[in-house]
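So the structure is just underneath, and the comments pick up after that.
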Amino acid sequence: MSSVENIPVSIPEMETLCEKKEAAVTTLLQKVLSQYGNVYPPQFMKCKNEEDRRILAYKYLKARNWKVSDSMEMIKENMTFRALHNADYMNLFPCVFTLRGFDEEDLCRTIQDPYTEKQRWTELCYLATAPYYSAGYHYWDKEGHPVLYDFCGRSDLKGLFKSIGAITPVGDQAKDTILRYHLYMNLVQERLVKYADAKSVEKGGRRILGVTAVLNAEGLSWGMINSQSLDVLRETVTMDQKYFPEALHRLIVINCPSFVAHAYSLIRGSLDKNTQQKIIFCDKAYSMELLKKIVDEDKIPVFLGGSCSCSGGCLPGIDSECRSLADAPFPVPRTEYVSIAAGKRHTIELLLQPDEEAQWEFRCTKSWGGQATEIVFRAVFASQNDVGTMDSLWSSPAVGSQRTSGSLYGSLEVSSSHRELKSEKMEMDRDRFVTKVCGTLKLEWDNHSSWLQTKYLQLRVIKS
Numbered sequence: 007m008s009s010v011e012n013i014p015v016s017i018p019e020m021e022t023l024c025e026k027k028e029a030a031v032t033t034l035l036q037k038v039l040s041q042y043g044n045v046y047p048p049q050f051m052k053c054k055n056e057e058d059r060r061i062l063a064y065k066y067l068k069a070r071n072w073k074v075s076d077s078m079e080m081i082k083e084n085m086t087f088r089a090l091h092n093a094d095y096m097n098l099f100p101c102v103f104t105l106r107g108f109d110e111e112d113l114c115r116t117i118q119d120p121y122t123e124k125q126r127w128t129e130l131c132y133l134a135t136a137p138y139y140s141a142g143y144h145y146w147d148k149e150g151h152p153v154l155y156d157f158c159g160r161s162d163l164k165g166l167f168k169s170i171g172a173i174t175p176v177g178d179q180a181k182d183t184i185l186r187y188h189l190y191m192n193l194v195q196e197r198l199v200k201y202a203d204a205k206s207v208e209k210g211g212r213r214i215l216g217v218t219a220v221l222n223a224e225g226l227s228w229g230m231i232n233s234q235s236l237d238v239l240r241e242t243v244t245m246d247q248k249y250f251p252e253a254l255h256r257l258i259v260i261n262c263p264s265f266v267a268h269a270y271s272l273i274r275g276s277l278d279k280n281t282q283q284k285i286i287f288c289d290k291a292y293s294m295e296l297l298k299k300i301v302d303e304d305k306i307p308v309f310l311g312g313s314c315s316c317s318g319g320c321l322p323g324i325d326s327e328c329r330s331l332a333d334a335p336f337p338v339p340r341t342e343y344v345s346i347a348a349g350k351r352h353t354i355e356l357l358l359q360p361d362e363e364a365q366w367e368f369r370c371t372k373s374w375g376g377q378a379t380e381i382v383f384r385a386v387f388a389s390q391n392d393v394g395t396m397d398s399l400w401s402s403p404a405v406g407s408q409r410t411s412g413s414l415y416g417s418l419e420v421s422s423s424h425r426e427l428k429s430e431k432m433e434m435d436r437d438r439f440v441t442k443v444c445g446t447l448k449l450e451w452d453n454h455s456s457w458l459q460t461k462y463l464q465l466r467v468i469k470s
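All residue numbers for the sequence shown refer to the working numbering, where the first residue is 7 and numbers rise by one.
If you want it as structure tokens, here you go:
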């Protein structure tokens with residue numbers, strides 16, 4: 007644990023560059039131009055001026071220990087990653103999570119980013135996350151760095167993975183959704199830092215290149231840590247270091263139980279030396295003293311020993327109510343996870359009115375998130391007058407070995423009294439059904455052909 011007396015209020019944002027390192031910055035920028043046909047790629051193009059562009063090049067060089075060739079490889083990988091995820095043109099604002107103290111419209115004007123409307127998928131991720139994991143930005147430290155507060159010690163990771171799993175598209179894992187949302191958070195943070203930097207320079211202050219993160223570890227226990235959470239942690243750390251160089255000014259772990267230092271040793275090797283030097287651990291006895299040394303008291307929430315009480319709460323989920331999926335302003339498609347033991351089946355019945363549509367999508371695996379395997383899938387529709395005869399349609403199904411033909415979401419319109427729509431062995435399917443008459447659609451996943459093997463379904467069924 008660190009002693010408060012030995013922790014400086016200010017740490018250098020950038021080292022003073024010698025002639026050799028200045029030349030390395032120039033060389034790297036020349037290589038970037040040459041690589042992309044004498045036109046800077048979007049991340050470099052969006053820099054306000056040449057000085058900002060040199061600072062961006064500096065970040066890449068520092069992240070790769072001032073090796074120009076390694077820095078260039080990092081840039082090429084990052085430009086591919088950013089293009090794949092539309093990172094430089096994604097609509098990020100208004101932000102779905104809290105940015106207390108920041109004027110988002112002024113932010114967008116200052117850094118020339120669009121201010122449109124909340125994107126549905128990011129809002130969905132926030133609503134799925136907020137009740138189980140509290141984190142958000144709240145003002146800035148004494149030097150102007152945005153401060154991120156993360157209350158990992160109060161998290162409910164089991165609830166988080168279950169909630170995220172419910173909004174995860176069929177075929178993906180909860181981890182994929184978490185990483186996608188983490189990318190969004192990183193991109194918001196990237197813009198927030200650019201804004202803080204512009205405001206600091208405008209006032210004649212220092213350059214702001216990263217955030218100060220305050221991680222409250224109070225309540226954290228070994229029981230909260232499992233292979234799934236460690237896997238996600240490793241992948242988020244990898245994303246941060248691989249695609250967001252020098253984004254962290256420093257990380258302060260407050261109210262730190264002794265075992266956290268041991269847990270840190272499990273992932274320390276995956277952090278570069280620059281990042282390792284920015285991390286401070288402080289036990290409960292000195293945490294508030296340390297926080298007030300780095301952040302002005304009127305910028306620290308009351309629940310952390312400061313004097314700030316934001317309207318609506320400094321951090322929803324900690325000092326105020328937070329929204330959840332139940333508060334979504336739009337219909338939320340839910341993904342279900344169903345295990346079907348050998349010799350068993352899973353059935354869903356939907357009562358449909360004329361012109362109503364049912365959509366289904368599923369993937370069958372040998373284990374959760376594991377290798378795909380086949381299961382018998384049947385879909386039968388019976389009109390209201392013939393619902394009683396539906397069971398007879400299941401007695402001798404014709405089972406094929408291939409998945410259904412036709413394009414995804416091929417509409418299967420039905421007007422007859424009853425009809426067997428599908429009866430096949432398949433690993434996955436994605437389709438929809440529209441009826442012209444009132445009746446019942448029965449969907450069934452049958453594992454009677456297995457003697458021992460349980461099969462696992464990830465599925466969505468939607469009626470509209």
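Yeah, the Cβ is synthetic: ideal placement off N, Cα and C, and Gly gets one too.
Close beta carbons around residue i, own chain, < 7 Å, minus the five adjacent residues each side
| i | result |
| --- | --- |
| ASP237 | LYS181 |
| GLU110 | PHE99, PRO100, CYS101 and TYR121 |
| LYS148 | VAL15, ILE300, VAL301 and ASP302 |
| ILE17 | ARG256 |
| ARG59 | LEU35, PHE50 and CYS53 |
| TYR139 | SER161 and LEU166 |
| VAL176 | THR341, GLU367, PHE368, ARG369, GLN464, LEU465 and ARG466 |
| SER77 | LEU34, TYR66, LEU67 and ARG70 |
| SER417 | Residue placement at SER417 is flagged as unreliable, the pLDDT there being 47, under the threshold of 50; a coordinate-derived value is accordingly withheld. |
Reduced DSSP secondary structure (H/G/I, E/B, other) of residue i
| i | result |
| --- | --- |
| TYR138 | coil |
| MET96 | coil |
| LYS290 | helix |
| SER429 | strand |
| GLN459 | coil |
| TYR121 | strand |
| MET85 | helix |
| TRP400 | Only weak support exists for where TRP400 lies, its pLDDT of 46 falling under 50; the coordinates are left without a value. |
| TRP366 | strand |
| TRP72 | coil |
| LYS284 | coil |
| CYS314 | strand |
| LYS54 | coil |
| LEU356 | strand |
| THR218 | strand |
| ASP435 | strand |
| GLU21 | coil |
| ALA63 | helix |
| GLY416 | Because the pLDDT of GLY416 is 41, which lies under 50, any placement of that residue in the model is unreliable, and the question is left without a value. |
| PHE309 | helix |
Beta-carbon proximity check, residue i vs residue j, cutoff 8 Å
| i | j | result |
| --- | --- | --- |
| GLU208 | ALA253 | no |
| ALA364 | ARG438 | yes |
| LEU297 | ILE324 | no |
| THR281 | GLN247 | yes |
| PHE108 | ASN192 | no |
| TYR143 | ARG88 | no |
| PRO339 | ARG466 | yes |
| LEU221 | PRO152 | no |
| ILE492 | ILE231 | Any question about residue 492 goes unanswered here, given that the chain covers just 7 to 470. |
| ALA219 | ASP289 | no |
| SER169 | ALA134 | yes |
| GLU355 | LYS469 | no |
| LYS431 | ILE381 | yes |
Residue environment, residue i, which counts as buried when at least 16 other CB atoms sit within 10 Å
| i | result |
| --- | --- |
| MET51 | exposed |
| CYS24 | exposed |
| LEU90 | exposed |
| GLN359 | exposed |
| ASP119 | buried |
| VAL45 | exposed |
| GLN459 | exposed |
| ASP203 | buried |
| LEU272 | exposed |
| ASN453 | buried |
| TYR132 | buried |
Neighbourhood of residue i by C-beta distance below 8 Å, restricted to the same chain and skipping five residues each side
| i | result |
| --- | --- |
| MET20 | ILE61, TYR64, ARG213 and LEU215 |
| TRP72 | LYS27 and ALA30 |
Cutoff 6 Å; reference residue i; Cβ partners in own chain excluding five residues on either side
| i | result |
| --- | --- |
| LEU130 | ILE173 |
| THR353 | GLU450 |
| TRP374 | TYR462 |
| THR242 | HIS188 |
First through last residue of the alpha helix (DSSP H) which encompasses residue i
| i | result |
| --- | --- |
| GLN247 | 233-249 |
| GLU380 | Premise fails: GLU380 is in no alpha helix (DSSP H) and is neither H nor E. |
| SER169 | 163-173 |
| ALA29 | 25-41 |
| VAL266 | 264-274 |
Element boundaries [beta strand (DSSP E), containing residue i]
| i | result |
| --- | --- |
| ARG186 | That residue, ARG186, is in no beta strand (DSSP E); its alpha helix (DSSP H) goes 180-208. |
| ARG256 | 254-260 |
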